[in-house]
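Presented below is the structure to which this report refers.
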Amino acid sequence: MTSQYEHAGHRPDVAPGDEHDEGGGSVLQRVAVYSIGLALAILLTATSFFIAGTDLVWQPSIPVALIVLAIAQMGVHLVFFLHITTGPDNTNNVLALAFGVLIVVLVMGGSLWIMANLNQNMMPTDHMMQMQR
Amino acid sequence: MTGAATAYEDGDPHHLRGMQGSGVGHPGPAPKRIVTGYGFWIFILSDIIMFSALFATYAVLLGQTAGGPSGRELFELRNVAIETALLLISSFTCGLATIAADMRNQLWFHVTMALTCALGLGFLAIEANEFASLVARGAGPTRSAFLSAFFTLVGCHGLHVFAGILWLLTMMAQVVAKGFRADIQRRILCFALFWHALDIIWIAVFTMVYLLGSAS
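So the sequence lines, in the order shown, correspond to chains H and V. Per the numbering used here, the very first residue in the first sequence carries number -6; after that it's consecutive. Per the numbering used here, the very first residue in the second sequence carries number 4; after that it's consecutive.
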């Protein structure tokens, strides 16, 4: 089997959640990967919670900062906990993830866009409904 | 042509290995661990897409409080910080359990899985407590569209964590009963994927619902 893979010119795929050097890394190395991930995640989480409650930064920038920190932390989790990498053995996993992200962006962005637009254009109805309550 | 000729002798009647040059790119069917893991990865991504619909609903209904309390008046960030810490550390111990399973170490597997279970239960206890106190204060899911969306989104994540804990206990029992067989190892891989994915969804929950809800 291995000769077939070498003939094809690339390493075999890995399952999502598996590290690519199966059996190659020692236990300590593997624990270290999770520990680095945990440390980075704690750092990003603590920053998020600190920024949400602080007056030290320009207030309108806070939502953007929180979203950026959240995306960064998702990246940390994907790389250090789920072992999704950009390596050649991970192409299928990354492509599936990319498709998932595309759908998520379409669903969320599209919903918010359409609903904000409706809210803006249908203000009289909105007022009327509030009066009826 | 020689590749196609030998393929039949290798038990490859469909000549899949002869298709290397035609863009298929993988010699023969993948090992079962990869097929299972990849299939479960697709399931997790579709689960995340379902959550994205709930997130979109929540974001759209954020302002529709019907004169009731808004997120800023209701959320206690201290509790959310504890919940986040519990879930994050449980993700770490779940990773350690994966390593222990690969090393076929029963003791460490059960210790780390029990830790993961305890942290998950702590998360659920705090969340249930929060929900109960919201309902007791008259801010239940029937109060406003905003609160309906809030309970649906956060409750759905909580249900996932609950299902994850049931799965976790099943895996511990299966490892006791059947040992680290290949099929059990695949289930542990899928469980770890599921548990880590729950933590990723929780990042979105605590950022979008709690932090943005109390900041803006």
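Just so you know, even glycine gets a beta-carbon here, dropped at the ideal spot from N, CA and C.
From V/Asn82, V/Leu80, V/Leu122 and V/Arg107, pick the residue whose C-alpha is nearest to that of cysteine 97 of chain V; which is it?
The residue given as residue 97 of chain V occupies position 94 in the second sequence. It is V/Leu122 whose Cα lies nearest to the Cα of cysteine 97 of chain V.
At least one CB of chain H closer than 8 Å to the CB of tryptophan 44 of chain V: is that the case?
As a working note, residue 44 of chain V is residue 41 in the second sequence. Output row for tryptophan 44 of chain V: interface = yes.
Pull up the distance between the alpha-carbon of isoleucine 203 of chain V and that of glycine 68 of chain H, whole angstroms please.
What you label residue 203 of chain V is simply residue 200 of the second sequence in a count that begins at 1. What you label residue 68 of chain H is simply residue 75 of the first sequence in a count that begins at 1. So the two alpha carbons sit approximately 9 Å from each other.
CB-CB under 7 Å to serine 217 of chain V, same chain, minus the five flanking residues each way: which ones, in chain order?
Numbered from 1 along the second sequence, position 214 holds the residue referred to as residue 217 of chain V. Answer for serine 217 of chain V: Gly74, Arg75, Phe78 and Leu80, listed in chain order.
Please identify the residue among V/Leu64, V/Leu124 and V/Ala103 whose C-alpha is closest to the C-alpha of threonine 115 of chain V.
The residue labelled residue 115 of chain V in the question sits at position 112 within the second sequence. Comparing Cα positions, the closest option is V/Ala103.
Could you tell me whether any Cβ in chain V is nearer than 8 Å to the Cβ of serine 54 of chain H?
Start at 1 with the first residue of the first sequence, and residue 54 of chain H comes out as number 61. No, serine 54 of chain H does not count as interfacial toward chain V.
Alpha carbon of alanine 200 of chain V to alpha carbon of aspartate 48 of chain H, nearest angstrom
Taking the second sequence and counting its residues from 1, the one referred to as residue 200 of chain V is at position 197. Taking the first sequence and counting its residues from 1, the one referred to as residue 48 of chain H is at position 55. Each residue's alpha carbon lies about 33 Å from the other.
For the segment 85 to 101 of chain H against the segment 24 to 44 of chain H, are there 3 or more C-beta pairs whose distance is under 8 Å?
no
For a contact meaning CB atoms closer than 8 Å, what does leucine 59 of chain H contact in chain V?
One-based indexing of the first sequence puts residue 59 of chain H at position 66. The answer, in chain order, is Thr210, Leu214, Leu215 and Ala218.
Check whether the segment 52 to 65 of chain V touches the segment 188 to 197 of chain V, counting contact only when three or more Cβ pairs, one atom from each stretch, lie closer than 8 Å.
no
So which residues on chain H does methionine 106 of chain V lean against when the C-beta distance must stay under 7 Å?
Your numbering for residue 106 of chain V matches position 103 in the second sequence. In chain order: Val20.
Buried or exposed by the 16-neighbour rule on C-beta atoms within 10 Å, applied to glutamine 66 of chain H:
Locating residue 66 of chain H in the first sequence gives position 73, where the first residue counts as 1. With 16 or more Cβ atoms within 10 Å of its Cβ, glutamine 66 of chain H is classed as buried.
So phenylalanine 58 of chain V contacts chain H; which residues on that side make the cut at Cβ distance below 7 Å?
As a first step, residue 58 of chain V must be located in the second sequence, where it is residue number 55. Ordered by position in chain H, the residues that pass the 7 Å Cβ test against phenylalanine 58 of chain V are Met101.
Residue span of the alpha helix (DSSP H) that contains glutamine 66 of chain H, given as start and end:
Counting from 1 along the first sequence, the entry for residue 66 of chain H is found at position 73. Element bounds for glutamine 66 of chain H: 55 to 69.
C-alpha gap between leucine 214 of chain V and leucine 59 of chain H, whole angstroms
As a first step, residue 214 of chain V must be located in the second sequence, where it is residue number 211. As a first step, residue 59 of chain H must be located in the first sequence, where it is residue number 66. Rounded to whole angstroms, leucine 214 of chain V to leucine 59 of chain H spans 8 Å at the Cα level.
Simplified DSSP assignment, three categories, for arginine 107 of chain V:
Taking the first residue of the second sequence as position 1, residue 107 of chain V is located at position 104. Looking at arginine 107 of chain V - three-state DSSP - the assignment turns out to be coil, as it is neither helix nor strand.
So for glycine 123 of chain V, helix, strand or coil by DSSP?
Numbered from 1 along the second sequence, position 120 holds the residue referred to as residue 123 of chain V. If DSSP states are grouped into helix, strand and coil, glycine 123 of chain V belongs with the helices.
Cβ-Cβ distance between isoleucine 29 of chain H and phenylalanine 73 of chain H below 8 Å:
In the first sequence, the residue the question calls residue 29 of chain H occupies position 36. In the first sequence, the residue the question calls residue 73 of chain H occupies position 80. Yes; because the gap between Cβ atoms is below 8 Å, this pair is in contact.
Closer than 8 Å at the beta carbon, the chain V residues around phenylalanine 43 of chain H:
Along the first sequence, read from residue 1 onward, the residue named residue 43 of chain H stands at position 50. Near phenylalanine 43 of chain H there are no residues of chain V at all, since even the closest Cβ is about 10 Å away, more than 8 Å.
Verify whether the separation of the beta carbon atoms of threonine 119 of chain V and alanine 100 of chain V is less than 8 Å.
Taking the second sequence and counting its residues from 1, one reaches residue 119 of chain V at position 116. Taking the second sequence and counting its residues from 1, one reaches residue 100 of chain V at position 97. Yes, the pair counts as a contact, with Cβ atoms nearer than the cut-off.
Give the range of the alpha helix (DSSP H) segment to which asparagine 110 of chain H is assigned.
Counting from one through the first sequence, the residue named residue 110 of chain H turns up at place 117. That run of the alpha helix (DSSP H) goes 84 to 114.
Span of the alpha helix (DSSP H) holding aspartate 11 of chain H?
Along the first sequence, one-based indexing puts residue 11 of chain H at 18. It is not in any alpha helix (DSSP H) - aspartate 11 of chain H carries neither H nor E in the DSSP assignment.
Please list, in chain order, the chain V residues whose beta carbon lies closer than 7 Å to that of serine 114 of chain H.
Position 121 of the first sequence, counting from 1, holds the residue named residue 114 of chain H. Here residue 114 of chain H is asparagine; the residue named in the question, serine, does not match the sequence. Here the premise fails: no neighbours, minimum Cβ distance about 15 Å.
Neighbourhood of aspartate 6 of chain H by C-beta distance below 7 Å, restricted to the same chain and skipping five residues each side:
Along the first sequence, read from residue 1 onward, the residue named residue 6 of chain H stands at position 13. Excluding residues within five positions, the ones whose Cβ falls inside 7 Å are Asp82 and Asn85.
Please check if any C-beta of chain V sits within less than 8 Å of the C-beta of threonine 173 of chain H.
A question about residue 173 of chain H goes unanswered here, because the residues of chain H that appear run from -6 up to 126.
Can a CB atom of chain H be found closer than 8 Å to the CB of valine 138 of chain V?
Reading the second sequence from its first residue, position 135 is the one you call residue 138 of chain V. For valine 138 of chain V, the answer is no, since every Cβ of chain H falls outside 8 Å of its Cβ.
Quick check: is the beta carbon of phenylalanine 165 of chain V nearer than 8 Å to any beta carbon in chain H?
What you label residue 165 of chain V is simply residue 162 of the second sequence in a count that begins at 1. Output row for phenylalanine 165 of chain V: interface = no.
Proximal residues to leucine 127 of chain V (C-beta, below 8 Å), its chain only, five neighbours per side dropped:
Counting from 1 along the second sequence, the entry for residue 127 of chain V is found at position 124. So the list reads Gly161, Val164, Phe165 and Ile168, once near-sequence residues are dropped.
Short Cβ contact (8 Å threshold) for leucine 37 of chain H with leucine 75 of chain H:
Residue numbering aside, residue 37 of chain H sits at position 44 when the first sequence is read from its first letter. Residue numbering aside, residue 75 of chain H sits at position 82 when the first sequence is read from its first letter. It is not a contact, given that the beta carbons lie outside the stated cut-off.
Within 8 Å (strictly less), CB to CB, does aspartate 6 of chain H reach chain V?
Working through the first sequence from its first residue, we reach residue 6 of chain H at position 13. Output row for aspartate 6 of chain H: interface = yes.
Cβ shell of phenylalanine 112 of chain V (< 7 Å), same chain only, five flanking positions each side left out
Looking up residue 112 of chain V in the second sequence gives position 109. Counting only Cβ-Cβ distances below 7 Å, and skipping sequence neighbours, we find Ala100, Ala103, Ala104 and Val178.
With a cut-off of 8 Å on the beta carbons, I'd call valine 157 of chain V and valine 208 of chain V a contact; round off their distance for me.
As a position in the second sequence, residue 157 of chain V is number 154, starting the count at 1. As a position in the second sequence, residue 208 of chain V is number 205, starting the count at 1. So it is a contact: roughly 6 Å between Cβ atoms.
Three-state secondary structure (DSSP) at serine 19 of chain H?
Your numbering for residue 19 of chain H matches position 26 in the first sequence. It is coil, neither helix nor strand.
Please classify proline 9 of chain H as buried or exposed, where buried requires at least 16 neighbouring CB atoms within 10 angstroms.
Residue mapping note: residue 9 of chain H aligns to position 16 of the first sequence, counting from 1. Counting Cβ neighbours within 10 Å, proline 9 of chain H comes out buried, since at least 16 surround it.
What distance in whole Å lies between the Cβ atoms of isoleucine 96 of chain H and isoleucine 47 of chain V, which are believed to be in contact at a cut-off of 8 Å?
As a working note, residue 47 of chain V is residue 44 in the second sequence. As a working note, residue 96 of chain H is residue 103 in the first sequence. So it is not a contact: roughly 13 Å between Cβ atoms.
Around the Cβ of asparagine 110 of chain H, are there at least 16 other Cβ atoms within 10 angstroms (buried) or fewer (exposed)?
Here residue 110 of chain H refers to the residue found at position 117 when the first sequence is read from its first residue. Exposed is the call here.
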